[in-house]
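Visitor: So the sequences go chain by chain: Z and A. Residues in the first sequence are numbered consecutively from 4, following the numbering used here. Residues in the second sequence are numbered consecutively from 580, following the numbering used here. Glycine included, each C-beta is placed from N, C-alpha and C at the ideal position. All values reported here derive from a predicted model rather than from experimental measurement. Quick one: the structure is below, questions incoming.
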Amino acid sequence: MEKVIEVNRLGKLYGDIVAVDDVSFEVQRGEIFGIVGPNGAGKTTTVESLIGLKRPDKGEVQVLGLDPQNDRPALAQRIGTQLQQTQLAERIKVWEVLNLFSSFYDKTVPWEPLLDRWGLSEKRHAFFGKLSGGQKQRLFIALALINDPEIVFLDEITTGLDPQARRETWELVQAIRDEGKTVVMVTHYMDEVEMLCDRVAIIDHGRLIALDAPAALVNQLSDEQRIIFTVDLPINPADLQTIEQVRAVSISGSKIEVQGAGDLLVNLVLRLHEMGITPSNIEIHRPSLEDVFISLTGRSNVENK
Amino acid sequence: MNKYIQMSLIQAKLFFREPIALFFTIAFPVLLLVMYGAIFGNDPNPNFGGFGYIDSQVPGLTAIIVGTIGLIGIPVTTANNREQKVLRRFMATPMPSTVYLAADILVNFVIAFLGMMLLIVIAIFAFDLRFGGRWIDVLAAFSLSTIAFFAVGYLIAGVAQTGRVAQVVGQVAFLPMMFLSGATLPLNIMPEGVQQISSWLPLTHVVKLLQAVWFGSGWETGSVAMLLGMSVVGITVGSLVFQWE
């Protein structure tokens, strides 16, 4: 496999605040690589260092064999970027945006098929300011593809989209990869990563805390499960903690959450039965990437948004 | 080359699609011209060395155009583009930032020039405009004025964090000058104290310089020095404080 991105001990400070701390990873050609973590974790700063918009304070970064800082124009010719929160002039038309951005690159693809693919053909004469949030998002993705890039960087492409639009976007991201392009996507949605990414870097407080295929990360926790249920009588957590398979018990009001492994459910219900308690609303959670994140950081990704 | 053309075309289109900017930059000076012409006419007047009121106000209103674009148009558009991360999106492309800047300067210069030409054409047909100088001098004086005011415009855009702030700073700088520089009201009707203040305002020197080359009474060296100084300070400080994001 050919490495297209090499990050070695990357570090970035904003004043006294450490945004990125000693992050290293590699991205292979043709994979969808996810960078995931809560807002403020350093994901965007990492990506901005890769595309030359931020100068690293420590470490080395190579993208397509180029130094993003010193070879920024040459690198920009070969990558596509969709940045967070960027806007364009309200009264620029969609076709004008595509013409303008086409003029920036040595090599471009015709933009009409791109508009078709991203469902914007009917909007070609519309003003940018009149597009919906999802349409703007898709236009920015089309712009990221206009130079037929080798690597596409997508920063939070599905934030603010409805579930249907998210699903459609996922299919299009897979289509980008199927053309042989490498995709680096930043997100804080774990389901998106599980769905799309070949490998994922989990970043928290600027540090890389996990790096592997999503399934492999989940498998490390594979015997973990959580059982949540409600009871109508008060319960003493110590009574449940003595069950061999139980690791942790937490109680909030009548809602009980038990974490453990193995034959957890059977033994839990048996113990409750002995205690004369009938659990209701039983939910069993098998691990997901979200749980991997919680087990690594001790907190929920969603809580930190 | 194509990117310079595309960028300039887009900047020009965007200007003409912005009704408020279009009104204050192009239509408002024309309205003033027509109003002055209707009220005061353009008969020769000893106050203007044998020229008429309109003959003296075409250079004056040209100064308004230069001031509006330099102190309000450029700072507001540039600061907005930075605030909304338009500039940042451009930075992620191979386009050098100099292309954006060059196109922006060119388009604003052409708009200011067209605004002046519109005043001249209307004044010729409606008020028998007189001209006593050389066109090359007018063009040179006009160019110097735009350089000085555009440079300060990018300086304001560099200091102002948002488009809103740029708008306020630009208006605070521009509006008093609009009335106290001789651009809209002749200075010689003003009290002595106001004339004193006026002599320190940059726009006053645009008016003086443009009127002098218009009447053919030579180059106002004091005004040239003032505008050159303003250009140097604007470009030097501007390039130090200006941030693309």
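Taking Cβ-Cβ distances shorter than 7 Å, what residues in chain Z pair up with A/N581?
Guide: The answer, in chain order, is S106.
Visitor: DSSP beta-bridge partners for Z/A213?
Guide: In the DSSP output, where bridge partners are listed per residue, Z/A213 has Z/I205.
Visitor: Taking Cβ to Cβ, would you say A/S777 is nearer than 7 Å to A/L759?
Guide: Contact flag set, yes.
Visitor: For Z/R202, count the other beta carbons within 10 Å of its own beta carbon; 16 or more makes it buried, fewer makes it exposed. Which is it?
Guide: By the neighbour-count rule (16 or more Cβ atoms within 10 Å), Z/R202 is buried.
Visitor: For a quick check, are the C-beta atoms of Z/A22 and Z/G45 less than 7 Å apart?
Guide: The answer is yes: Cβ separation under 7 Å.
Visitor: On the DSSP letters alone, give me the boundaries of the beta strand (DSSP E) that Z/F2 sits inside.
Guide: Here chain Z comprises residues numbered 4 to 308, so residue 2 of chain Z is not present and cannot be evaluated.
Visitor: Among A/Q636, A/M614, A/V613, which has the Cα closest to the Cα of A/N624?
Guide: A/N624 has its Cα closest to that of A/Q636, out of A/Q636, A/M614, A/V613.
Visitor: Check the Cβ-Cβ distances between A/A702 and every residue of chain Z, and say whether any is below 7 Å.
Guide: False, the Cβ-Cβ gap to chain Z never drops below 7 Å.
Visitor: With a cut-off of 7 Å, does the C-beta of Z/K15 fall near any C-beta of chain A?
Guide: Not one chain A Cβ lies under 7 Å of Z/K15.
Visitor: Given A/F706, which residues of its chain have a CB within under 7 Å of its CB, disregarding the five upstream and five downstream residues?
Guide: Same-chain partners within the cutoff: G616, N621, I633.
Visitor: Using a Cβ-Cβ distance cut-off of 7 Å, determine whether Z/P152 contacts chain A.
Guide: Judged by the 7 Å Cβ criterion, Z/P152 is not in contact with chain A.
Visitor: Would you mind telling me which residues of chain Z sit closer than 7 Å to A/R667, beta carbon to beta carbon, in chain order?
Guide: In chain order: L86, T89.
Visitor: Kindly provide the ranges of any beta strand (DSSP E) runs that are 3 or more residues long and lie completely inside the stretch 19-93 of chain Z, ordered along the chain.
Guide: Listed in chain order, they are 20-31, 35-39, 61-66, 82-85.
Visitor: Beta-carbon within less than 7 Å of Z/G14's beta-carbon, same chain only, minus the 5 sequence neighbours each way: which residues are those?
Guide: V23, D24, D25, P59, D60, K61, G62, listed in sequence order.
Visitor: What is the rounded straight-line gap between the Cα of A/G694 and the Cα of Z/I154?
Guide: One C-alpha to the other measures close to 46 Å.
Visitor: Quick check on A/A682 - is its C-beta less than 7 Å from some C-beta in chain Z?
Guide: No, A/A682 lies away from the interface with chain Z (no Cβ there is under 7 Å from its Cβ).
Visitor: Got a sec: which bits of the stretch 55-79 of chain Z sit with their beta carbon under 9 Å from any beta carbon on chain A, in order along the chain?
Guide: Residues G55, L56, R75, P76, A77, L78, A79.
Visitor: Going by C-alpha distance, which of Z/E99, Z/K110, Z/E9, Z/S27 is nearest Z/G68?
Guide: Answer by Cα proximity: Z/E9.
Visitor: What does A/E597 reach in chain Z if we use C-beta pairs closer than 8 Å?
Guide: In chain order: R94.
Visitor: Between which two residues does the beta strand (DSSP E) harbouring Z/R12 extend?
Guide: It spans 6-17 - the beta strand (DSSP E) in which Z/R12 sits, taken as one unbroken run.
Visitor: For A/W714, count neighbouring Cβ atoms within 10 angstroms of its own Cβ and tell me buried if that reaches 16, exposed if not.
Guide: It is exposed - the Cβ of A/W714 has fewer than 16 other Cβ atoms within 10 Å.
Visitor: Hey, how far is the Cα of Z/E93 from the Cα of A/Q750?
Guide: The alpha-carbon atoms of Z/E93 and A/Q750 are separated by roughly 23 Å.
Visitor: Kindly say whether A/L593, judged by its beta-carbon, lies nearer than 7 Å to any beta-carbon of chain Z.
Guide: Answer yes: the Cβ-Cβ gap between A/L593 and chain Z drops below 7 Å somewhere.
Visitor: Which same chain residues end up closer than 8 Å to Z/V100 when comparing Cβ atoms and leaving out the 5 residues on each side of it in sequence?
Guide: Only L91, F131, L142, L146 meet the Cβ criterion.
Visitor: By Cβ distance, which residues of its chain are closer than 6 Å to Z/E197, with the 5 residues on each side in sequence left out?
Guide: So the qualifying residues of the chain are P217, L292.
Visitor: Alpha carbon to alpha carbon, what distance is there between Z/A251 and Z/G263?
Guide: Each residue's Cα considered, the two are about 7 Å apart.
Visitor: What number of angstroms, rounded off, separates the C-alpha of A/G652 from the C-alpha of Z/I82?
Guide: Distance between the alpha carbons of A/G652 and Z/I82: 34 Å.
Visitor: Between Z/I179 and Z/W173, what straight-line distance do the alpha-carbon atoms span, to the nearest angstrom?
Guide: Cα to Cα, Z/I179 sits roughly 10 Å from Z/W173.
Visitor: Identify the residues that DSSP records as bridge partners of Z/M188: which are they?
Guide: Partner(s): Z/G37, Z/L157.
Visitor: According to DSSP, is A/F630 helix, strand or coil?
Guide: Reduced to three states, the DSSP call for A/F630 is coil.
Visitor: Since A/F630 contacts A/F821 with CB under 8 Å, what's their CB separation in whole angstroms?
Guide: Not a contact, Cβ separation roughly 41 Å.
Visitor: Could you pull out every residue in the same chain whose Cβ sits closer than 7 Å to the Cβ of A/I589, ignoring the five residues on either side in sequence?
Guide: Within the same chain, A/I589 has no close Cβ partners at all.
Visitor: Assess, as a yes-or-no matter, whether the stretch 722-742 of chain A is touched by the stretch 696-704 of chain A under the definition of 3 or more beta carbon pairs within less than 8 Å.
Guide: Output reads no: the stretch 722-742 of chain A does not touch the stretch 696-704 of chain A.
Visitor: Going along chain A in order, which residues have a C-beta closer than 7 Å to the C-beta of Z/E159?
Guide: Result: empty, since nearest Cβ-Cβ is about 14 Å, beyond 7 Å.
Visitor: Taking just the CA atoms, how far does Z/E227 sit from Z/G265?
Guide: C-alpha separation (whole angstroms): 8 Å.
Visitor: Who are the Cβ neighbours of A/Y679 in its own chain at under 8 Å, not counting the five residues just before and after it?
Guide: Cβ neighbours of A/Y679 beyond the five flanking positions: M586, L666, F669.
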